[in-house]
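*Asks:* Starting off with a structure, shown below.
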Amino acid sequence: MCRMLRVHFSGFYAWLKEPLSHRAREDERQTELIRQAWADSGKVYGYRKLTDDLRDQGEHISENRVARLTSLAGIAAQIGYKRRPGRYDGKPASVAENKLEQQFSASQPDQVWVTDITYIKTHEGWLYLCVVIDLFSRRVVGWSAQSRMTTDLALQALLMAVWRRKPDGKVTVHSDQDSQFTSRDWQVFLQQHNLETSMSRRGNCHDNAVAESFFRLLKRERIRRRTYPTRDVARQDVFEYIELFYTSKHKHTNNGMLSTVDFETKQQKLKKAGV
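Take 403 as the starting number for the sequence shown in the working numbering and just add one per residue.
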């Protein structure tokens, strides 16, 4: 065999003891991490979001490498059937222009909100979480967690934001193009509450990077450290993280290392002082 392969006996037996190269072992290890991150997302994340997840775990990995490993492992985002914008069964689907263009800043509170939905695994099944974040302070001003990913999930989060903030002027609400945000009920709610819509381009997660960043933080600091037997337990944990930790204690570099509440309080004082 060695003569046929033209390799030295010592090299052949060394290969038998350790047949996989360092690169191959690293591929195998990171593929398992990718597979786990994909499963944690409800099997909906593509290679870009999977890359972000692995980087949050401390992996030094490029998008191209993740794309190659996902392709080899047969891992693909399960996004389902996408309808084209238009009318179906008498219900119009609406897609709006991207008013943010990846400019994730606001000069005052309740000027721009961003919203998105993520998945949390429990032993009962998936819990779907929708959040509404104010770009001014990165504060979660509204959220909702339900067992089904419907328009009502998104509307309840937005209703909480409107009820809490009671904005004086028009607020731009930025989302992706998922059906929850293109439905007629969503559009009617926006019109009734002086809100205007903005949407990410199809399949571009970077267009809603602030919401994506919050979800990565939530999963890294809380969800991946827990095992949830029921949706109610997961919902309670999400409540504690958002309301008791993230809002009042988590320090944001975007806020000069102040929590969202402290940053808003400071800005209010500066405004009253005319600074």
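Even for Gly, the Cβ is constructed at its ideal location relative to N, Cα and C.
Predicted model, so just to flag it, every value in this text is computed and none were measured.
From the DSSP output, read off the bridge partner residues of Val575.
*Replies:* For the purposes of this step, residue 575 is taken as the residue at position 173 of the sequence shown. Its beta-bridge partners are Trp515, Thr599.
*Asks:* Rounded to a whole number of angstroms, what is the C-alpha to C-alpha distance between His654 and Thr662?
*Replies:* Walking along the sequence shown from the start, residue 654 turns up at place 252. Walking along the sequence shown from the start, residue 662 turns up at place 260. Rounded to whole angstroms, His654 to Thr662 spans 7 Å at the Cα level.
*Asks:* Could you tell me which residues DSSP puts in a beta bridge with His654?
*Replies:* As a first step, residue 654 must be located in the sequence shown, where it is residue number 252. Answer is Leu660, bridged to His654.
*Asks:* Do Arg540 and Val612 have their C-beta atoms within less than 8 Å of each other?
*Replies:* Stepping through the sequence shown from its first residue, residue 540 is reached at position 138. Stepping through the sequence shown from its first residue, residue 612 is reached at position 210. A contact, by the Cβ cut-off of 8 Å.
*Asks:* Starting from Asp634, trace the alpha helix (DSSP H) in both directions and tell me its first and last residue.
*Replies:* In the sequence shown, the residue the question calls residue 634 occupies position 232. Boundaries of the alpha helix (DSSP H) around Asp634: 633–641.
*Asks:* So, with DSSP's three-state summary, where would you put Arg541?
*Replies:* Walking along the sequence shown from the start, residue 541 turns up at place 139. The answer is strand: DSSP assigns Arg541 an E or B state.
*Asks:* Tell me whether Val534 sits in a helix, a strand or coil according to DSSP, three-state version.
*Replies:* The residue you call residue 534 lines up with position 132 of the sequence shown. Looking at Val534 - three-state DSSP - the assignment turns out to be strand.
*Asks:* Report, in whole angstroms, the separation of the C-beta atoms of Ser577 and Gln558, which I expect to be a contact under 8 Å.
*Replies:* Along the sequence shown, one-based indexing puts residue 577 at 175. Along the sequence shown, one-based indexing puts residue 558 at 156. Wrong, their Cβ atoms sit about 14 Å apart, outside the cutoff.
*Asks:* Tell me whether Gly492 sits in a helix, a strand or coil according to DSSP, three-state version.
*Replies:* Counting from one through the sequence shown, the residue named residue 492 turns up at place 90. At Gly492 the pLDDT is 40, less than 50, meaning the model places this residue with poor confidence and gives no usable figure here.
*Asks:* Counting pairs of Cβ atoms below 8 Å between the segment 467–475 and the segment 427–444, do you hit three or more?
*Replies:* yes
*Asks:* How many Å lie between Arg450 and Leu619 at the Cα?
*Replies:* Locating residue 450 in the sequence shown gives position 48, counting from the first residue. Locating residue 619 in the sequence shown gives position 217, counting from the first residue. Rounded to whole angstroms, Arg450 to Leu619 spans 16 Å at the Cα level.
*Asks:* How about Ile522 and Ile436: are their beta carbons less than 8 Å apart?
*Replies:* One-based indexing of the sequence shown puts residue 522 at position 120. One-based indexing of the sequence shown puts residue 436 at position 34. Contact flag unset, no.
*Asks:* For Val638 and His424, what's the separation of their Cα atoms in angstroms?
*Replies:* As a first step, residue 638 is located in the sequence shown; it is residue number 236 there, counting from the start. As a first step, residue 424 is located in the sequence shown; it is residue number 22 there, counting from the start. Here the sequence assigns Gln to residue 638, which means Val is not the residue at that position. Approximately 43 Å, taken between the alpha carbons.
*Asks:* Along the chain, where does the alpha helix (DSSP H) containing Ser581 start, and where does it finish?
*Replies:* By 1-based counting over the sequence shown, the position of residue 581 is 179. First-last of the alpha helix (DSSP H) with Ser581: 581–584.
*Asks:* Decide yes or no for the touch test of the segment 523–536 against the segment 586–599: beta carbon pairs closer than 8 Å, at least 3 of them.
*Replies:* no
*Asks:* Would you decide whether Arg627 is buried or exposed? Buried here means 16 or more other CB atoms lie within 10 Å of its CB.
*Replies:* Translated into positions along the sequence shown, residue 627 becomes position 225. Exposed, because fewer than 16 other Cβ atoms sit within 10 Å of the Cβ of Arg627.
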